[in-house]
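In what follows, a single structure is set out as structure tokens and then discussed.
There are 2 protein chains.
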Amino acid sequence: MSEYPSLSVPPADEFFRSKWVEPPAGVEFLDPSRLPEGFRAGGVACGLKGGGGTDLGAVICDSEEVSSSILLTSNAAAAAPIRVCRDNLEQSRIKAVIVNSGNANAATGEQGIADALAMRDSLASATGLAPDTVAVAETGVIGVPMDMDAVLSGINGLADSLSTDGAVEFSEAIMTTDKWPKRVSLTVDGVTLSAQAKGAGMIEPGFATMLCFVQTDAVVTDPEALLRPAVESSFGRITVDGQMSTNDTVLLQASGASGLELPGGLLEAVLLQLALEIVSDGEGASRVGRAKVMGAADQEEAELVARKIANSPLVKTALLGRDPNWGRIAQAAGQALAGQDIGELGPDVIDAADIAEGGREAELTLSLDRGQASAHVYFSDLTHEYIVINAEYTT
Amino acid sequence: MSEYPSLSVPPADEFFRSKWVEPPAGVEFLDPSRLPEGFRAGGVACGLKGGGGTDLGAVICDSEEVSSSILLTSNAAAAAPIRVCRDNLEQSRIKAVIVNSGNANAATGEQGIADALAMRDSLASATGLAPDTVAVAETGVIGVPMDMDAVLSGINGLADSLSTDGAVEFSEAIMTTDKWPKRVSLTVDGVTLSAQAKGAGMIEPGFATMLCFVQTDAVVTDPEALLRPAVESSFGRITVDGQMSTNDTVLLQASGASGLELPGGLLEAVLLQLALEIVSDGEGASRVGRAKVMGAADQEEAELVARKIANSPLVKTALLGRDPNWGRIAQAAGQALAGQDIGELGPDVIDAADIAEGGREAELTLSLDRGQASAHVYFSDLTHEYIVINAEYTT
């Protein structure tokens, strides 16, 4: 596997390119447009984005046996589509999802809720589905009313164009300022799985939203029990700038058409690679770090310390500058455990050599002497481009 | 009062230049070299810094009636001088403090503790004080053994040079990469007070340390009860990059020579202005923001939300870019209260106009509808210079 040779979409057969991802045995990559049996997808341009880019996509599962799970941001000021999915959706029987990438429909008040419901109802009507089996996801500008004429006429055209090889079109229709689409289609042990994600880039800065959609023909009897830990070890372990979005959504749909179970570890590996693609394509990112903390008193402490290191602007700029500055790691760890005394942390317990010597992916480790727990968090470096993106474009 | 007309030391009589500081009534500014009765101070170059800059300073109180309070970082990986002050100091009877600004003496192990104790003992011996009445503060490079020959010979010269008008020399000897010294000497209602601080700049990046020393001839019977709330509302309310140092120290010493009490509000105003000088001179800072949260359920919640806003890189880059992006404030507040539901936060409850329209100091306010508590946090913007300082110099 090549380690991010270029900042662009990898060839389909180099999807698992991170050194931190163990590719599942026996994986065969498919044409990335291909969806598992029972699914159709597509993407169209409805005019929200301007410039003619595709900005409206949908995935639909035609199987009555569909099982699903959806995980939504816990941000206390969540956007309209999150509220609609939280309150008005049969979450374990989601047949379809409608996504727009031109308007986050966030901070849009009661009208925003009505608009998200109208999107849902429009796709349901055009595809003959019950409204409460259709999820809505949105990303883009915030605080701007939706252009519903454009969206509703786009949905009609989109519903007619959904196809079994529409995964590439869908993956591109959900992008905002991602530099490359994040997607994969593969088969292993008779089961097919495809997934599409978008990361922390915005039409206009404001909210950095991650969305991810996974389709499989496996039989998944308890989709939430499968999805939740896989998300916790992937999207739950990444940080670009420590900021939680109002719109984050991850959806898993299983058609059951293969009659087989999902091979162990497959979902985890796919989601982790997609998560790392998002970090790697984070705003201004040039390198990806993994902050690994060992010997913590318990799991909560290990995660707390790893997150504090990963979100430290001093560590993030050190990663950019290839400066194996263990003192900054010691400082962040000491801050995470403020009020306790963990002694001075020196180069005997901190390995930051990879910051200087590593490639695009660099590992830094801290060995505490407090117990047996460990945790890690993936993060991007902090660069001039991050500041250009976030300070020099005015919303 | 002019509002930071230039990034340099203000004229002595424009010390209270922040719009957020209420200058105490009747203040008369003194020559900034002047110390209150009972104090001597000074600064010398001992060679730690290279280039011949002064890097060793001391303040001594000659009164037997001295009362004092010292507040030390709660960082769990605290540096040697913090440990010495924590464990080996008569904290309410501190006669003197010895400070070096060339070496933080952090992550230096047992030898670092021995060196900090040797500095303390050396000043005590040269001035005839009991060792446990001498505090030690250090800032500068980390993980580097102390050059104790230079320090100890410097202390001998320093002890001979301490004078009643040595405050300017002291204020300059404690600087690291501060662009201007932070100091004031003033009198009000018969009481004299002087103070010196240094901020978040380092000889080499690694630890950003703030130090502050305050001297007064007032009678202070319970110095900790006076100092702690004043620090909480000043140095406890600022953030440059959210990183807590291993070396932070604030010391108040009162000689009692005036026989008068400290006028109410004076210490708070002086410390707040010094804190704002530190933010204003933070690494790469070009503007200072105040994130004010009102209508929170309780004090803890108000502070949590204000801190999350103040530390958001999206808000900090918006301050730089003069982008009154209320969506970023809503996102940060929503993240601070993740797992709860506070509804969507829109421009009706967020005032960010000052980001675009304000001067060097900009106020942003968020009005929640959850209770009566409020809090604010001061912060610097996130600039290209921050990244240059922290990524492009290698330690």
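Chains A and B supply the protein sequences, listed in that same order. Every letter in the first sequence is one number past the one before it in the working numbering, and letter 147, counting from 1, is 147. Take the position in the second sequence, starting the count at 1, then add 1000; the result is the number in the working numbering. Just so you know, even glycine gets a beta-carbon here, dropped at the ideal spot from N, CA and C. In this text, all values refer to a predicted model and were calculated from it rather than measured experimentally.
- With a minimum length of 3 residues, the unbroken runs of beta strand (DSSP E) contained wholly in the stretch 1086-1124 of chain B fall at 1096-1100.
- For residue 328 of chain A, the enclosing alpha helix (DSSP H) stretches over residues 326-336.
- Only 1142 and 1143 from the stretch 1130-1161 of chain B bring a Cβ to less than 7 Å from some Cβ of chain A.
- For residue 384 of chain A, the nearest beta carbon of chain B is closer than 7 Å to its own beta carbon.
- Proximity to residue 1263 of chain B across B/1159, B/1280 and B/1217 peaks at B/1217, based on C-alpha coordinates.
- With a beta-carbon spacing of about 4 Å, residue 195 of chain A and residue 214 of chain A fall inside the 8 Å limit used to define contacts.
- Counting the other Cβ atoms within 10 Å of the Cβ of residue 198 of chain A gives 16 or more, which makes it buried.
- With respect to chain A, the C-beta atom of residue 1091 of chain B has no partner C-beta closer than 7 Å.
- Under the DSSP assignment, residue 152 of chain A falls in the alpha helix (DSSP H) whose first and last residues are 148-161.
- DSSP lists no bridge partner for residue 1066 of chain B.
- Of the residues A/107, A/302, A/257 and A/133, the one whose Cα lies closest to the Cα of residue 1333 of chain B is A/107.
- Not flagged as an interface residue toward chain A: residue 1114 of chain B, since no C-beta distance is shorter than 7 Å.
- Interface with chain B (7 Å Cβ-Cβ cutoff): residue 247 of chain A is excluded.
- Short of 6 Å from the beta carbon of residue 379 of chain A, and not among the five residues preceding or following it, lie these beta carbons of its own chain, in chain order: 239, 289 and 310.
- Ranked by how close their Cα comes to the Cα of residue 1122 of chain B, the residues B/1149, B/1142, B/1139 and B/1144 have B/1149 in first place.
- If the five residues before and after residue 112 of chain A are omitted, its C-beta is found closer than 6 Å to the C-beta atoms of 80 and 105, all from its own chain and listed in chain order.
- In this structure, residue 1255 of chain B lies away from residue 1134 of chain B, with their beta-carbon atoms at least 7 Å apart.
- When the beta-carbon positions are compared, residue 1072 of chain B and residue 1137 of chain B stay at least 7 Å from each other.
- Straight-line spacing of the CA atoms in residue 1328 of chain B and residue 1060 of chain B works out to 48 Å.
- The stretch 1271-1312 of chain B is shown to contain whole alpha helix (DSSP H) runs of 4 or more residues at 1299-1310, in chain order.
- Rounded to the nearest angstrom, the Cβ distance from residue 1271 of chain B to residue 1234 of chain B is 4 Å, consistent with a contact under 8 Å.
- Each of B/1357, B/1189 and B/1176 was checked against the Cα of residue 1265 of chain B, and the nearest Cα belongs to B/1189.
- In terms of CA proximity to residue 1177 of chain B, B/1140 leads the group B/1155, B/1184 and B/1140.
- Boundaries of the alpha helix (DSSP H) harbouring residue 355 of chain A: 353-357, taken from the DSSP string.
- Excluding residues up to 5 positions away in sequence, 88, 89 and 90 lie with their Cβ nearer than 8 Å to the Cβ of residue 132 of chain A in the same chain.
- Secondary-structure assignment with DSSP links residue 367 of chain A through a beta bridge to A/294.
- Annotation: Cβ neighbours of residue 392 of chain A in chain B (cutoff 7 Å, chain order): 1321.
- Per the coordinates, the alpha-carbon of residue 1130 of chain B lies some 10 Å from the alpha-carbon of residue 1120 of chain B.
- Within the same chain, and ignoring the five residues on either side of residue 1083 of chain B in sequence, the residues whose Cβ sits closer than 7 Å to its Cβ are 1113.
- Closer than 7 Å to the CB of residue 344 of chain A there is at least one CB belonging to chain B.
- The stretch 1315-1326 of chain B and the stretch 1368-1388 of chain B touch, with no fewer than 3 CB-CB distances between them shorter than 8 Å.
- Listed along chain A, the residues sitting closer than 8 Å to residue 1075 of chain B by beta-carbon distance are 331, 334, 335 and 338.
- Bounds of the alpha helix (DSSP H) holding residue 169 of chain A are 167-173.
- Annotation for residue 138 of chain A: the continuous beta strand (DSSP E) segment containing it runs 134-138.
- Across the structure, residue 47 of chain A and residue 354 of chain A are spaced so that their CA atoms are roughly 45 Å apart.
- A straight line joining the alpha-carbon of residue 1384 of chain B with that of residue 321 of chain A spans about 14 Å.
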